[in-house]
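Chemist: To start, I am sharing the structure in question, which I have written as structure tokens.
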Amino acid sequence: MSNSRSTIVNPNIKKHEKIGEERCKTLVSMEPDFLDSRGACHMIYWTDCIAQMAVDIRERQKSASPCEFDFFKPKLVEYTFTVCVRLRLPNEVRFTAVLILNSFLTRHLCALHEFMEKQDMTIQRKKKEWENLESNMERQIPLRILTAIQISSKIHSYHDSLSSRQVVNTLRKVGLPYTITAVADSEQRVFKLIGFKIPDSPLEACEMALKSLTFTMKKQGMTEAERHDDIWQHILIVLDVCYINHIELYERFLRKCPQLLNRDAEKR
-18 MSNSRSTIVN
-8 PNIKKHEKIG
2 EERCKTLVSM
12 EPDFLDSRGA
22 CHMIYWTDCI
32 AQMAVDIRER
42 QKSASPCEFD
52 FFKPKLVEYT
62 FTVCVRLRLP
72 NEVRFTAVLI
82 LNSFLTRHLC
92 ALHEFMEKQD
102 MTIQRKKKEW
112 ENLESNMERQ
122 IPLRILTAIQ
132 ISSKIHSYHD
142 SLSSRQVVNT
152 LRKVGLPYTI
162 TAVADSEQRV
172 FKLIGFKIPD
182 SPLEACEMAL
192 KSLTFTMKKQ
202 GMTEAERHDD
212 IWQHILIVLD
222 VCYINHIELY
232 ERFLRKCPQL
242 LNRDAEKR
């Protein structure tokens, strides 16, 4: 096959731009390059992409249940964020990891409830067994956090993802002597229980919106396009705050907008 037929041309890249010049910069950078047109779909599809993104967000809002984020606790979020920062993982990994962890723990707890309900035991015996299950679940949380981070890192960048050996070494540093087999089993268990579906991170929507805005402003010759890095850093800070303090933020929001709460009550 000739070179001309084996090369896929991105119409967003101008002919005089040389891809090889910024190759090293791309490899060492962990932040998105909002001025780089490589990897972007053609501009004629941008409107459709943003419209579909809005539809997906509305669908997630409608399908959300009251107990869906029971494990979206500040301490768990902070712990997950801290591990990701210590391991120097890309920003998108920590946000997706928290969603994976919450999804798994919620389903895991429901499965344990269903299991105990089917057991032919006295109330006292069930209570004792449930305490043991809770203790085991709590003891395994560090492993589950690292597993969620590992899965998230593979989704976003398999080449730079956490290996089972890295997870084992990280857990041993905090005094948890898990084996590689245990880590691999945990990865399979978590991935299977969440239905092999990775939750959509809000950072993806923010990145798409900022990419479209920056590229459009650059094409129109607007100097504000150069401020995309500042906007991106502010987005990360806002998302960090929203993830860690989402309960308090929602409570304040509902107090400021009580009509939304009344409207939801009428629908129910």
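Using my numbering, you'd call the opening residue of the sequence shown number -18 and step up by one each time. Glycine residues also receive a C-beta, built at the ideal position from the N, C-alpha and C atoms. Quick caveat: nothing in here was measured; it's all calculated off a predicted structure.
(1) Output needed for residue 5: all residues of its chain with C-beta closer than 6 Å, excluding positions within five of it in sequence on either side, in chain order.
(2) Can you give the beta carbon distance from residue 149 to residue 161, rounded, assuming they're within the 8 Å contact cut?
(3) Tell me the rounded alpha-carbon separation between residue 112 and residue 121.
(4) Nearest to residue 57 by CA position, among 119, 209 and 158, is which residue?
(5) Assign residue 16 to one of three DSSP states: helix, strand, or coil.
(6) Less than 8 Å separating the beta-carbons of residue 31 and residue 193?
(7) So residue 181 and residue 37 are supposed to be a Cβ contact under 8 Å. How far apart are they, rounded?
(8) Apply the 10 Å Cβ neighbour rule to residue 116 and answer buried if 16 or more other Cβ atoms are within range, or exposed otherwise.
(9) Just to confirm my understanding: we take residue 163, look at its own chain, exclude 5 residues before and 5 after, and list those with CB closer than 8 Å. What are they?
(10) Would you call residue 81 buried or exposed, if buried means 16 or more other Cβ atoms sit within 10 Å of its Cβ?
(11) So, residue 77 versus residue 126, is the Cβ gap smaller than 8 Å?
(12) Taking three-plus beta-carbon pairs below 8 Å as touching, is the stretch 88 to 106 in contact with the stretch 59 to 73?
(13) Suppose you measure from the CA of residue 251 to the CA of residue 166; what does that come to, to the nearest Å?
(14) Is it buried or exposed for residue 73, if we count other Cβ within 10 angstroms and need 16 for buried?
(15) Relative to the C-alpha of residue 66, which residue among 221, 216, 173 and 27 is closest?
(16) Report the CB separation of residue 134 from residue 142 in whole angstroms; it is logged as a contact under 8 Å.
(17) Do you know offhand how far residue 2's Cα is from residue 202's?
(18) Taking DSSP as the reference, what is the three-state secondary structure of residue 225?
(19) Would you mind stating whether residue 87 and residue 29 have Cβ atoms separated by less than 8 Å?
(20) What does the Cβ neighbour count give for residue 197, buried or exposed, with the cut at 16 atoms within 10 Å?
(21) Can you give the Cα-Cα distance for residue 95 and residue 224, rounded to whole angstroms?
(22) Which same chain residues, not among the five before or five after residue 234, have their C-beta less than 6 Å away from its C-beta?
(23) How long is the line joining the alpha carbons of residue 175 and residue 85, rounded to whole angstroms?
(24) Quick one: what does DSSP say residue 237 is sitting in, helix, strand or coil?
(25) If distances are taken between C-alpha atoms only, which option among 15, 21 and 47 comes closest to residue 231?
(26) Cα-Cα, which of 71, 97 and 102 is closest to residue 130?
(27) Please work out which residues of its chain come closer than 6 Å, Cβ to Cβ, to residue 106, disregarding the five sequence neighbours upstream and downstream, and give them in chain order.
Modeler: Let's see:
(1) If you number the sequence shown from 1, residue 5 lands on position 24. Confidence is the limiting factor: at residue 5 the pLDDT is only 36, short of 50, which leaves the residue's position unreliable, though a coordinate-based value still follows. The answer is none, since no qualifying residue turns up.
(2) Locating residue 149 in the sequence shown gives position 168, counting from the first residue. Locating residue 161 in the sequence shown gives position 180, counting from the first residue. Between residue 161 and residue 149 the Cβ distance is about 6 Å, and since that is below 8 Å, they are a contact.
(3) On the sequence shown, residue 112 is found 131 positions in, with the first residue counted as 1. On the sequence shown, residue 121 is found 140 positions in, with the first residue counted as 1. For residue 112 and residue 121, the distance between alpha carbons rounds to 14 Å.
(4) What you label residue 57 is simply residue 76 of the sequence shown in a count that begins at 1. Ranking the options by Cα distance to residue 57, first place goes to 119.
(5) The sequence position of residue 16 within the sequence shown is 35, counting from 1. Three-state result, residue 16: coil.
(6) In the sequence shown, the residue the question calls residue 31 occupies position 50. In the sequence shown, the residue the question calls residue 193 occupies position 212. Yes, the Cβ-Cβ distance between residue 31 and residue 193 is below 8 Å.
(7) For the purposes of this step, residue 181 is taken as residue 200 along the sequence shown, with counting starting at 1. For the purposes of this step, residue 37 is taken as residue 56 along the sequence shown, with counting starting at 1. Indeed, because the Cβ distance is near 7 Å, the residues count as touching under 8 Å.
(8) The count along the sequence shown starts at 1 and reaches residue 116 at position 135. With fewer than 16 other Cβ atoms within 10 Å, it is exposed.
(9) Reading the sequence shown from its first residue, position 182 is the one you call residue 163. Same-chain partners within the cutoff: 124.
(10) Here residue 81 refers to the residue found at position 100 of the sequence shown. So residue 81 ends up on the buried side.
(11) Your numbering for residue 77 matches position 96 in the sequence shown. Your numbering for residue 126 matches position 145 in the sequence shown. Not closer than 8 Å, so no.
(12) no
(13) Residue 251 lies beyond the range of the chain shown here (-18 to 249); nothing can be said about it.
(14) Mapped onto the sequence shown, residue 73 falls at position 92. Buried is the call here.
(15) Counted from its first residue, the sequence shown places residue 66 at position 85. When only C-alpha atoms are compared, the closest one is 221.
(16) If you number the sequence shown from 1, residue 134 lands on position 153. If you number the sequence shown from 1, residue 142 lands on position 161. Contact flag correct, Cβ pair sits at about 4 Å.
(17) As a first step, residue 2 must be located in the sequence shown, where it is residue number 21. As a first step, residue 202 must be located in the sequence shown, where it is residue number 221. Caution is warranted here: a pLDDT of 42 is assigned to residue 2, below 50, making its placement in the model unreliable, and the coordinate value is therefore given only provisionally. Roughly 23 Å between the two C-alpha positions.
(18) The count along the sequence shown starts at 1 and reaches residue 225 at position 244. The answer is helix: DSSP assigns residue 225 an H, G or I state.
(19) Taking the sequence shown and counting its residues from 1, the one referred to as residue 87 is at position 106. Taking the sequence shown and counting its residues from 1, the one referred to as residue 29 is at position 48. Not a contact, by the Cβ cut-off of 8 Å.
(20) Residue mapping note: residue 197 aligns to position 216 of the sequence shown, counting from 1. So residue 197 counts as exposed.
(21) Residue numbering aside, residue 95 sits at position 114 when the sequence shown is read from its first letter. Residue numbering aside, residue 224 sits at position 243 when the sequence shown is read from its first letter. Rounded to the nearest angstrom, the two C-alpha atoms are 29 Å apart.
(22) Locating residue 234 in the sequence shown gives position 253, counting from the first residue. Cβ neighbours of residue 234 beyond the five flanking positions: none.
(23) On the sequence shown, position 194 is the one that residue 175 refers to. On the sequence shown, position 104 is the one that residue 85 refers to. The alpha-carbon atoms of residue 175 and residue 85 are separated by roughly 6 Å.
(24) The residue you call residue 237 lines up with position 256 of the sequence shown. Note: residue 237 maps to helix in three-state DSSP.
(25) The residue you call residue 231 lines up with position 250 of the sequence shown. For residue 231, the nearest C-alpha among the options comes from 47.
(26) Taking the first residue of the sequence shown as 1, we reach residue 130 at position 149. Of the listed residues, the one whose Cα sits closest to residue 130 is 71.
(27) Here residue 106 corresponds to residue number 125 of the sequence shown, with the count starting at 1. For residue 106, where only same-chain residues beyond five positions count, there are no Cβ hits under 6 Å.
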